[in-house]
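J.: Numbering (my numbering), first residue to last: 1 to 229. Beta carbons are placed, not taken as given, at the ideal position from N, Cα and C, and that holds for glycine. The model shown is predicted, which means the values in this text are computed figures rather than measured ones. One structure coming up, written as structure tokens, with questions to follow.
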């Protein structure tokens, strides 16, 4: 298939993904569909918290860094992380890991032994969760995503073969809006998505949608290597 691989995730993940893709021999370019901005938040009483629930590197990068004087008390709490990338960010920030998930925060919750009082550090757009019996969650909003426009020069790339990496449902919805704005032809664009929920958000009409076998960047790039040949 060849052509271009478009990465639209926010920085600094965008640059890391583009660099990894180019190192694999893919012709990758990056235009962020979002930028991440921190949101001021107040930490609840840390004595009423047993552990932290973290579903994104952004929660560590923007949320924990904004915890102020409560940060040291929070560092005494173990972290339940959505995946290895988020877990590594938490380790680098000085936190201990209680569990590292593989497939979404709901899967993490479903393996937790109750009773447990969790502090969820989340973005303004976050996935609702079903709580197991005996588990309580206090959610704080620590960051938000601000949509960005795609540039006009993107339009000619669809004629050269365009494959797009979508790391979230929000990215899928924003790419749909931007593709309409630029009058892109869905039938010429292939999507590689991080999971079924993202494929659903992207909707029909694309040349093809490939769902990553694992919900992480490395698996998406390996799939891209198979698709973009």
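According to DSSP, simplified to helix, strand and coil, what is residue 153?
T.: Reading the chain shown from its first residue, position 153 is the one you call residue 153. Three-state DSSP puts residue 153 in a helix.
J.: Please report the straight-line C-alpha distance between residue 161 and residue 198, rounded to a whole angstrom.
T.: Reading the chain shown from its first residue, position 161 is the one you call residue 161. Reading the chain shown from its first residue, position 198 is the one you call residue 198. Rounded to whole angstroms, residue 161 to residue 198 spans 21 Å at the Cα level.
J.: Just tell me which of 219, 144, 151, 185 has its CA closest to the CA of residue 40.
T.: Here residue 40 refers to the residue found at position 40 of the chain shown. Comparing Cα-Cα distances from residue 40 to each of 219, 144, 151, 185, the minimum goes to 144.
J.: Excluding the 5 residues flanking residue 26 on each side, which residues of the same chain have their C-beta closer than 7 Å to its C-beta?
T.: In the chain shown, residue 26 corresponds to position 26, counting from 1. Within the same chain, residue 26 has close Cβ partners 5, 224, 225, 228.
J.: Measuring CB to CB, does residue 150 end up less than 8 Å from residue 133?
T.: Here the question's residue 150 lines up with position 150 in the chain shown. Here the question's residue 133 lines up with position 133 in the chain shown. Contact flag unset, no.
J.: Touching or not, the stretch 154-172 and the stretch 45-53, by the rule of three or more beta carbon pairs under 8 Å?
T.: Output reads no: the stretch 45-53 does not touch the stretch 154-172.
J.: Closer than 8 Å by C-beta to residue 212: which residues in its own chain qualify, once you throw out the five before and the five after it? Chain order, please.
T.: By 1-based counting over the chain shown, the position of residue 212 is 212. Cβ neighbours of residue 212 beyond the five flanking positions: 192, 193, 194, 195, 219, 220, 223.
J.: Could you give the DSSP three-state label for residue 79: helix, strand or coil?
T.: Taking the first residue of the chain shown as position 1, residue 79 is located at position 79. In the structure shown, residue 79 sits in a strand (DSSP, three-state: E or B).
J.: Could you check what DSSP says for residue 95 in three-state terms: helix, strand or coil?
T.: Indexing the chain shown from 1 puts residue 95 at position 95. Correct three-state label for residue 95: coil.
J.: Which residues in the same chain have their Cβ closer than 7 Å to the Cβ of residue 73, if we skip the five residues on either side of it in sequence?
T.: Taking the first residue of the chain shown as 1, we reach residue 73 at position 73. Only 46 meet the Cβ criterion.
J.: What separation, rounded to the nearest whole angstrom, lies between the Cα atoms of residue 181 and residue 103?
T.: In the chain shown, the residue the question calls residue 181 occupies position 181. In the chain shown, the residue the question calls residue 103 occupies position 103. Cα-Cα distance, rounded: 32 Å.
J.: DSSP three-state label for residue 187, please.
T.: Counting from 1 along the chain shown, the entry for residue 187 is found at position 187. Helix.
J.: In this structure, does DSSP put residue 61 in helix, strand or coil?
T.: Locating residue 61 in the chain shown gives position 61, counting from the first residue. Helix, per DSSP.
J.: What separation, rounded to the nearest whole angstrom, lies between the Cα atoms of residue 146 and residue 124?
T.: Your numbering for residue 146 matches position 146 in the chain shown. Your numbering for residue 124 matches position 124 in the chain shown. When rounded, the distance between both Cα atoms is 10 Å.
J.: So which of 190, 215, 217, 216 has the shortest CA-CA distance to residue 209?
T.: Taking the first residue of the chain shown as position 1, residue 209 is located at position 209. Comparing Cα-Cα distances from residue 209 to each of 190, 215, 217, 216, the minimum goes to 190.
J.: Rounded to a whole number of angstroms, what is the C-alpha to C-alpha distance between residue 142 and residue 36?
T.: Locating residue 142 in the chain shown gives position 142, counting from the first residue. Locating residue 36 in the chain shown gives position 36, counting from the first residue. Distance between the alpha carbons of residue 142 and residue 36 is about 10 Å.
J.: Note down, in chain order, each residue of its chain lying with its Cβ closer than 7 Å to the Cβ of residue 203, except the 5 sequence neighbours on either side.
T.: Taking the chain shown and counting its residues from 1, the one referred to as residue 203 is at position 203. Around residue 203: 176.
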